[in-house]
Amino acid sequence: MIYRENGQFKTTYAADQQIFTIAQDKVFVLGVIAFAFIGIPLLADEYMFRAILIPFLILSLAALGVNLLVGYCGQITLGAGAFMAIGAYAAYNFMIRIDGMPLIFGLLLGGLASAGMGILFGIPSLRVRGLYLAVATLAAQFFCDWAFLRLGWFTNYSSSGSVSISNLSVFGWGIDSPLEKYLFCLCFIVVFAFVAKNLTRASIGRQWMAIRDMDVAAEVIGIRPMWAKLSAFAVSSFFVGVAGALWGFVHLGSWEPAAFSVDRSFQLLFMVIIGGMGSILGSFFGAAFIVVLPIFLNQVLPALGHLFGIEISTAGISHAELIIFGSLIVFFLIVEPHGLARLWSIAKEKLRLWPFPH
Amino acid sequence: MGFFVETLIGGLMAGMLYSLVALGFVLIFKASGVFNFAQGAMVLFAALAMARFSEWANIALGGDNLFLANVIAFFAAGVVMFIAAWAIERLVLRNLVNQEGATLLMATLGIAYVLEGIGQTIFGSEVYPINVGMPKDPVIMFESLFEGGIMINKEDFIAALIAAILVAVLTIFFQKTPVGRALRAVADDHQAAQSIGIPLNRTWVIVWFVAGLVALVAGIIWGSKLGVQFSLATVAMRALPVVILGGLTSVPGAIVGGLIIGVGEKLSEVYLGPYVGGGIEIWFAYMLALVFLLFRPQGLFGEKIIDRV
């Protein structure tokens, strides 16, 4: 009844090619953004920002990057954590080695460094496909783990191996409180989400999707696989690199290579698969699921045990978390292999007809 | 020269241990097209079961017959692995038939979490020893050929021997027995196999069970070497380059790949490591596999990938 495109006529090509062609969608998205900028700062407390909202925003950005590569270009990667690390360490080095480097430029340069490495590690994708490629991308992961641990130059020869950056500020505005950090990340994610959405609608995104659906056929109709695959690796690594820099600078403050281990890579791939491959919105759903679930389990399990009069040890809780997390992932893959984004589009279809049955 | 040969032999033996883990990957991929990331968790799970059952059986038997306790533990752990295989097929694989490779991969990661969690809940999460009477002392060989001889770890030698026997047994099982033939038929073409009356579900249970047994053997060998602990699950990460180097669908590939990776790792660590700060084993193995893949994208012995539009 409410969600209908009836009567919304497009009279120009420009109107026909807008991001959100349906007025309700446009209103909804603007409403969500407005709520994120105004509503949440009024409602959420410090713990919410620190434990849930900031990690959620940064990891959605990373998941978005991974989704461009895995969901849109069909190249499975298990090395996303490495590119987060490259982004973080490159941005760190730009910040400390160049005096007066503005924060935003530092973050973006970190992303660019990550994009460069992404192209390098994407080269095997021209020969190697599918699961072989997935394992091959682990090379990037283990190489970066090693490089940032053993090569002192990257960490500015810090004795403990952990690096930190302090006094973040943009245009004289200091980013200290959780609220400011949240807003800073939010600005990034909004801009990048729109960039990603437009990329996937543009010719480059269509080339990626053609490669994903069948690369030989795409090559036959004149798409250059090298350009398409490497550009996907570059753009994806750029997104992931910026997310990594934000993760290090804004969320962690000081970090070690272990913050970007292979588990992080798996986590990002989980977000993409559970959220929905080839869906911008899905990246957000996936990130929300993966960020919130462990916190939820951590809070609920002891309470639940208490309810039944069982005291569960800390180790027991962490094992139970593993079991429940694993089974939920399998469960979601079984009931909705196309991800949470698919549920969303089914809901939209239903909404279109509501309240009539047909 | 003696030192070089010693490194080489050490690498070959380490390689056999990698191929043992890699075998599990290959078995499951061949039969069900699933890239099983849970293989490492299965190794941990099996090793935990073995270590604890052996401990419990030893106590129950009064502590004087370690051999019998180990045999009992081995069979008990085998039963546990069968239950695990059955549950995985029943609860997960059956519901995910015909899904994409990436989805199945993620599902096995989920299985890995569950196995790690359950294993540590039931069997505990400390470091447990496995004592199956493996000799720990090194022996010196070929003293007449090289100055000072070559030191070989007896434990590694026996482990390599066990791995070789296991491969031979598996090869016979796949080539000569009816069940093995059924497995190969399913691996070749699911639908064709089903149409001639091979039950897919039972075949999958069998192949996961066989992979579980391989994991058990790998777990016993690795466990008696390093002690059974959580880090055993990461052995899978060391075995992955072996799998892609040898080819996902080839049992001999897993062996040859394991040997190449084992030797490459050891030689690089000894001769290249000191120049760049050491610890390069892990990524060197991946790089080595990557270089091979650039020339043969399907691995050394994998089935040729043919693309048709």
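Chains E and Z, in that order, give the protein sequences. Per the numbering used here, numbering through the first sequence is continuous, rising by one, with the last residue being 1339. Per the numbering used here, numbering through the second sequence is continuous, rising by one, with the last residue being 318. All C-beta atoms in this analysis are idealised placements derived from N, C-alpha and C, irrespective of residue type, glycine included. The structure presented is a predicted model; accordingly, all values stated were derived computationally and were not measured.
Classification of Leu53 of chain Z by the beta-carbon crowding that lies within 10 angstroms, buried from 16 upward:
buried
For Gly319 of chain Z and Leu303 of chain Z, I'd like the C-alpha separation in whole angstroms.
Outside the modelled stretch of chain Z, which goes from 10 to 318, sits residue 319 of chain Z, for which no answer is possible.
Three Cβ pairs or more, each shorter than 8 Å: is that satisfied between the segment 1227-1247 of chain E and the segment 1255-1270 of chain E?
no
According to DSSP, Pro147 of chain Z sits in a beta bridge with which residue or residues?
Z:Asn162
Among Z:Gly282, Z:Phe46, Z:Glu135, Z:Ile230, whose alpha-carbon lies nearest the alpha-carbon of Ala1296 of chain E?
Z:Glu135
Any contact of the segment 1263-1279 of chain E with the segment 1094-1110 of chain E, i.e. 3+ C-beta pairs under 8 Å?
no
Starting from Arg1182 of chain E, trace the alpha helix (DSSP H) in both directions and tell me its first and last residue.
1159-1182
Three-state secondary structure (DSSP) of Asp1335 of chain E:
In the sequence as presented, Asp is not what sits at residue 1335 of chain E; that position holds Trp. It is coil, neither helix nor strand.
Looking at C-alpha atoms only, which residue of Z:Thr186, Z:Leu100, Z:Glu15 is the closest neighbour of Asn162 of chain Z?
Z:Glu15
Alpha carbon to alpha carbon, how far is Phe310 of chain Z from Leu209 of chain Z? Give it in angstroms, no decimals.
26 Å
Within-7 Å CB hit, Met296 of chain Z to chain E:
yes
Who are the Cβ neighbours of Ala94 of chain Z in its own chain at under 6 Å, not counting the five residues just before and after it?
Val214, Trp217, Phe218, Gly221
Note down, in chain order, each residue of its chain lying with its Cβ closer than 6 Å to the Cβ of Leu1090 of chain E, except the 5 sequence neighbours on either side.
Phe1075
Return the first residue and the last residue of the alpha helix (DSSP H) that Glu109 of chain Z is part of.
From DSSP, Glu109 of chain Z is part of no alpha helix (DSSP H); its letter is neither H nor E.
Does DSSP put Val101 of chain Z in a helix, in a strand, or in coil?
coil
Interface partners of Ser63 of chain Z on chain E, CB under 8 Å
Within chain E, no residue comes near Ser63 of chain Z; the closest Cβ sits about 22 Å away, beyond 8 Å.
Taking DSSP as the reference, what is the three-state secondary structure of Tyr984 of chain E?
coil
For Trp1335 of chain E, count neighbouring C-beta atoms within 10 Å of its own C-beta (all shown protein chains included) and say buried if the count is 16 or more, exposed if not.
exposed
Among all the DSSP beta bridges, which residues are the ones paired with Ser1145 of chain E?
E:Ser1235
First and last residue of the uninterrupted alpha helix (DSSP H) at Asp1006 of chain E:
1004-1015
Could you check what DSSP says for Gly346 of chain Z in three-state terms: helix, strand or coil?
It is not possible to answer for residue 346 of chain Z, since the shown part of chain Z is limited to 10 through 318.
So that I know if they touch, is there some Cβ in chain E lying closer than 7 Å to that of Pro208 of chain Z?
no
So is Ile1039 of chain E buried or exposed if we call it buried at 16+ other beta carbons inside 10 Å?
buried
Quick check: is the beta carbon of Leu299 of chain Z nearer than 7 Å to any beta carbon in chain E?
yes
Give every residue of the same chain whose Cβ lies closer than 6 Å to the Cβ of Gln238 of chain Z, excluding the five residues on either side of it in the sequence, and list them in chain order.
Val136
CB contact flag (Leu118 of chain Z, Phe46 of chain Z, <7 Å)
yes
Are the beta-carbon atoms of Ala1301 of chain E and Leu1332 of chain E separated by less than 7 Å?
no
Going by C-alpha to C-alpha distance, which of Z:Gly20, Z:Ile289, Z:Val88, Z:Ile230 sits closest to Arg167 of chain Z?
According to the sequence as given, residue 167 of chain Z is Ile; it is not Arg. For the residues Z:Gly20, Z:Ile289, Z:Val88, Z:Ile230, the minimum Cα distance to Ile167 of chain Z belongs to Z:Ile230.
Report yes or no: do three or more beta-carbon pairs, one from the segment 1221-1234 of chain E and one from the segment 1056-1065 of chain E, lie closer than 8 Å?
yes
Neighbouring residues, chain Z, relative to Phe1124 of chain E (Cβ below 8 Å)
Trp292, Tyr295, Met296
Looking at the C-beta of Val318 of chain Z, does it have a partner C-beta in chain E at a distance below 7 Å?
yes
Under 7 Å between the Cβ atoms of Ala82 of chain Z and Ala66 of chain Z?
yes
Chain Z contacts made by the segment 1288-1308 of chain E, where a contact means CB separation under 9 Å
Ala1296, Gly1297, Ser1299, His1300, Ala1301, Glu1302, Leu1303, Ile1304, Ile1305, Phe1306, Gly1307, Ser1308
Measure the Cβ-Cβ separation of Gly288 of chain Z and Arg1131 of chain E and say whether it is below 7 Å.
yes
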